Amino acid sequence: MEIEFIAGHNLYWIISLLLLVGLYGMLAKRNLVKKLVGMNIFQTSIILFYVAIASKKKATVPVIDAALGSVDPAHYINPLPHTLMLTAIVVSVATTGVGFALLISIFRRYGTLDEDTLLKRMR
Amino acid sequence: MTSSSRNPILITASRLLAPFIQLFALYVIFHGHFGPGGGFQGGALLAASILMLRLSVGAERSELKFRKSWGTPVGALGAMIFAGTGLLTLLLGGRFLEYHFLPLPDLSRAELHSTGILLIEVGVSLAVMAVLVAIYDDIMEGPGGD
Amino acid sequence: MRKISLIALVLFGALLLYASSGLPGHGDPDGPSHRERSRAGSPVAAAHYIRHAQGDAASPNIVTVVLADYRGFDTLGETVVVLTAGLVCYLILRRSP
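Protein chains in written order, with our numbering: chain R, -17 to 105; chain D, 1418 to 1563; chain B, 179 to 275.
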């Protein structure tokens, strides 16, 4: 029972750790680029979590294979989280681009990306 | 981007590699029905090939392949192909994105759905490619860049 | 400030660990999202997609069919989000100040 529980849940612990790393980057780092990198790590952990809950034992990729015979949902892993994450990856790349554009315009105006210096110069 | 450190090995290798990456991207887009693939992945691959040329041979010569001013218009064109397919089915009596109302003869209902999926995959791949290249170009634009 | 955020992080991590113990195990074929019917008796989307994708759209790749056919309107929204991101980058960086 215990071994089974650990074998089934250690992936969730690692993903939680990754999420905490991203949150730590967003909370504790003072440089805005590092905060953005932390946000990316956070997004990656969410994507990994979705892909992890899509998996199913003794099942293959969601492309229907005639060699497997008649279509049975037990033979294919869950296609829905894969679909959602496919769009989420591209959208996260685009929103990261928007974040960097904002950082570039902040740097052009105030000459720094350090949070404390930035708050002082904005006054 | 300064052009003082142009490396001939990098230029030759990337120019040799780019057409094959684009061919593979087209395969990924148009084979997306039958294997792993689709519009988002193919668009990202096309953008990767163009960005590789932008980084290696420089912005002015890679503009022969994709101009800097094309980014947002091509992205809008891709989104318009997508929305236009939906509006076409809407005009022909169906609901939004109901592909079996597409005006193509001699195709069964399922094959019409397959054709509609191919149309919007092309739109998605154009939009993703153009927007990724446009974001890179916009970031490189400005006092420090180029 | 830094201490408070560290304490909040540790508490949030403990909450995540506690919540993840209630999830089905990794790859469990009887998980709630893999069943044919939910506990309330309504059909679950994933099993329906797997069963009907090839018959509805004549293409074996279920992910593509879900992406572009069953959830086509959602994908239109995502494409518009990507396009808007490109436009926002253009407006922020290329507009003359």
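Backbone N, C-alpha and C fix where the C-beta goes; we use that ideal spot for every residue, glycine too.
Note that the structure is a prediction, hence the values are computed from the model and not measured.
Considering just the uninterrupted stretch of the alpha helix (DSSP H) at PHE1499(D), what are its terminal residues? Working through the second sequence from its first residue, we reach residue 1499(D) at position 82. Where PHE1499(D) is concerned, the enclosing alpha helix (DSSP H) stretches over 1488 to 1508.
Secondary structure of PRO221(B), DSSP reduced to three states: Within the third sequence, the letter at position 43 stands for residue 221(B). In this structure, PRO221(B) counts as strand in the three-state DSSP scheme.
When burial is assigned at 16 or more other CB atoms within 10 Å of the CB, is ARG1565(D) buried or exposed? As shown, chain D starts at 1418 and ends at 1563. That puts residue 1565(D) outside it, with no answer to give.
With a 10 Å radius around its C-beta and 16 neighbouring C-beta atoms as the bar for buried, classify ALA236(B) as buried or exposed. As a first step, residue 236(B) must be located in the third sequence, where it is residue number 58. ALA236(B) comes out buried.
Buried or exposed, going by whether 16 or more other CB atoms sit within 10 Å of the CB of ALA192(B)? Along the third sequence, read from residue 1 onward, the residue named residue 192(B) stands at position 14. When all chains shown are included, ALA192(B) counts as exposed.
Express the C-alpha separation of GLY(-10)(R) and GLY1475(D) in angstroms, rounding to a whole number. Residue 1475(D) sits at position 58 when you count from the first residue of the second sequence. Residue -10(R) sits at position 8 when you count from the first residue of the first sequence. Approximately 50 Å, taken between the alpha carbons.
Look up ASN1424(D) in the DSSP assignment and give the residues it is bridged to. Taking the first residue of the second sequence as position 1, residue 1424(D) is located at position 7. In DSSP, ASN1424(D) forms no bridge with anything.
Three or more C-beta pairs below 8 Å linking the stretch 1504 to 1512 of chain D and the stretch 1458 to 1467 of chain D: no
Round the Cβ separation of GLY1495(D) and ALA1544(D) to the nearest angstrom and send it over; I've been treating them as touching at under 8 Å. Residue 1495(D) sits at position 78 when you count from the first residue of the second sequence. Residue 1544(D) sits at position 127 when you count from the first residue of the second sequence. Contact holds; Cβ gap of about 3 Å.
Tell me the start and end of each unbroken beta strand (DSSP E) in the stretch 61 to 100 of chain R that is at least 3 residues and wholly inside, in chain order. Whole beta strand (DSSP E) segments, 3+ residues: zero.
Taking the alpha-carbon of VAL72(R) as reference, which of ASP1555(D), ALA1547(D), GLY1452(D), GLU1558(D) has the nearest alpha-carbon? In the first sequence, the residue the question calls residue 72(R) occupies position 90. It is ALA1547(D).
Output the boundary residues of the alpha helix (DSSP H) element that contains LEU1(R). For this step, residue 1(R) is matched to residue 19 along the first sequence. That run of the alpha helix (DSSP H) goes -16 to 10.
Cβ-heavy atom distance, ILE59(R) to the ligand COA, below 7 Å: Of ligands this structure carries none, so the ligand COA is not represented either.
Per DSSP, ASN13(R) forms a beta bridge with which residues? Walking along the first sequence from the start, residue 13(R) turns up at place 31. Answer by DSSP bridge pairing, in chain order: ASP96(R).
Within-8 Å CB hit, GLY1452(D) to chain R: In the second sequence, residue 1452(D) corresponds to position 35, counting from 1. Output row for GLY1452(D): interface = yes.
Inter-residue Cα distance where the pair is ASP96(R) and ILE1556(D): The residue given as residue 96(R) occupies position 114 in the first sequence. The residue given as residue 1556(D) occupies position 139 in the second sequence. Distance from the CA of ASP96(R) to the CA of ILE1556(D), rounded to the nearest whole angstrom, comes to 20 Å.
Roughly how many angstroms lie between the CA atoms of ASP1563(D) and LEU18(R), to the nearest whole one? Locating residue 1563(D) in the second sequence gives position 146, where the first residue counts as 1. Locating residue 18(R) in the first sequence gives position 36, where the first residue counts as 1. Annotation note: pLDDT 41 at ASP1563(D) (below 50); position unreliable, no value reported.
Quick one: give me the first and last residue of the alpha helix (DSSP H) that GLU1528(D) is part of. For the purposes of this step, residue 1528(D) is taken as residue 111 along the second sequence, with counting starting at 1. Judged by DSSP secondary structure, GLU1528(D) falls within the alpha helix (DSSP H) whose first and last residues are 1526 to 1557.
If contacts are defined as beta-carbon pairs under 8 Å, then ILE240(B) and ILE46(R) qualify, I think. What distance do you get, rounded to the angstrom? Position 62 of the third sequence, counted from the first residue, corresponds to residue 240(B). Position 64 of the first sequence, counted from the first residue, corresponds to residue 46(R). Sure, about 7 Å apart at Cβ, within 8 Å.
Using the three-state DSSP reduction, which class does VAL45(R) fall into: helix, strand or coil? Here the question's residue 45(R) lines up with position 63 in the first sequence. It is a strand residue.
If we call anything under 8 Å between Cβ atoms a contact, is LEU245(B) one with THR257(B)? As a first step, residue 245(B) is located in the third sequence; it is residue number 67 there, counting from the start. As a first step, residue 257(B) is located in the third sequence; it is residue number 79 there, counting from the start. The answer is no: Cβ separation not under 8 Å.
Beta carbons nearer than 9 Å to chain B: which residues of the stretch -3 to 12 of chain R have them? ILE(-3), SER(-2), LEU(-1), LEU1, LEU2, LEU5, TYR6, LEU9, ALA10
By Cβ distance below 8 Å, which residues in the same chain neighbour LEU50(R) in space, the five residues on each side in sequence not counted? Here residue 50(R) corresponds to residue number 68 of the first sequence, with the count starting at 1. So the list reads THR42, HIS57, once near-sequence residues are dropped.
For LEU100(R), go through chain D and note every residue whose CB falls closer than 7 Å to its CB, in chain order. Taking the first residue of the first sequence as position 1, residue 100(R) is located at position 118. Simply none; closest approach about 19 Å.
Report the three-state DSSP secondary structure of ARG273(B) (helix, strand or coil). Here the question's residue 273(B) lines up with position 95 in the third sequence. If DSSP states are grouped into helix, strand and coil, ARG273(B) belongs with coil.
If you count every other CB in all the chains shown that lies within 10 Å of the CB of LYS181(B), and 16 or more means buried, which is it? In the third sequence, the residue the question calls residue 181(B) occupies position 3. Answer is exposed; the Cβ neighbour count stays below 16.
Over what stretch of residues does the alpha helix (DSSP H) that includes GLU1480(D) continue unbroken? Residue 1480(D) sits at position 63 when you count from the first residue of the second sequence. No alpha helix (DSSP H) holds GLU1480(D); DSSP gives it neither H nor E.
Flag GLY219(B) as yes if its beta-carbon sits less than 8 Å from any beta-carbon of chain R, otherwise no. Looking up residue 219(B) in the third sequence gives position 41. No, because no Cβ of chain R sits closer than 8 Å to the Cβ of GLY219(B).
Quick test of your reading: ASP234(B) and VAL243(B), contact by CB under 8 Å. State the CB separation rounded to the nearest angstrom. Residue mapping note: residue 234(B) aligns to position 56 of the third sequence, counting from 1. Residue mapping note: residue 243(B) aligns to position 65 of the third sequence, counting from 1. Their Cβ separation, rounded to whole angstroms, is 7 Å, which keeps ASP234(B) and VAL243(B) in contact under 8 Å.
Are the CB atoms of SER228(B) and VAL53(R) nearer to each other than 8 Å? Taking the first residue of the third sequence as 1, we reach residue 228(B) at position 50. Taking the first residue of the first sequence as 1, we reach residue 53(R) at position 71. According to the sequence shown, residue 228(B) is Ile rather than Ser. It is a contact, given that the beta carbons lie within the stated cut-off.
Can you check DSSP and say which residues form a bridge with TYR58(R)? The residue labelled residue 58(R) in the question sits at position 76 within the first sequence. DSSP lists THR42(R) as partners of TYR58(R).
Taking the straight line between their C-alpha atoms, what separation do you get for PHE82(R) and ILE88(R)? Position 100 of the first sequence, counting from 1, holds the residue named residue 82(R). Position 106 of the first sequence, counting from 1, holds the residue named residue 88(R). Spanning the two alpha carbons is a distance of roughly 10 Å.
If the cut is a Cβ gap below 8 Å, which residues of chain B does LEU1528(D) touch? As a working note, residue 1528(D) is residue 111 in the second sequence. Here residue 1528(D) is Glu; the residue named in the question, Leu, does not match the sequence. The answer, in chain order, is ALA236.
To be precise: take each residue of the stretch 1478 to 1500 of chain D, compare its Cβ to all Cβ atoms of chain B, and keep it if any distance is under 8 Å. Which residues remain? If you check each beta-carbon in the stretch 1478 to 1500 of chain D against every beta-carbon of chain B, the ones closer than 8 Å belong to GLY1488, THR1489, GLY1492, ALA1493, GLY1495, ALA1496, PHE1499, ALA1500.
I think GLY1455(D) touches GLU1528(D), with their Cβ atoms under 8 Å apart; what is that distance to the nearest whole Å? Numbered from 1 along the second sequence, position 38 holds the residue referred to as residue 1455(D). Numbered from 1 along the second sequence, position 111 holds the residue referred to as residue 1528(D). Going by Cβ atoms, the distance from GLY1455(D) to GLU1528(D) rounds to 18 Å, so no, they are not a contact pair.
Where ARG1512(D) falls: helix, strand or coil (DSSP): Locating residue 1512(D) in the second sequence gives position 95, counting from the first residue. Coil, per DSSP.
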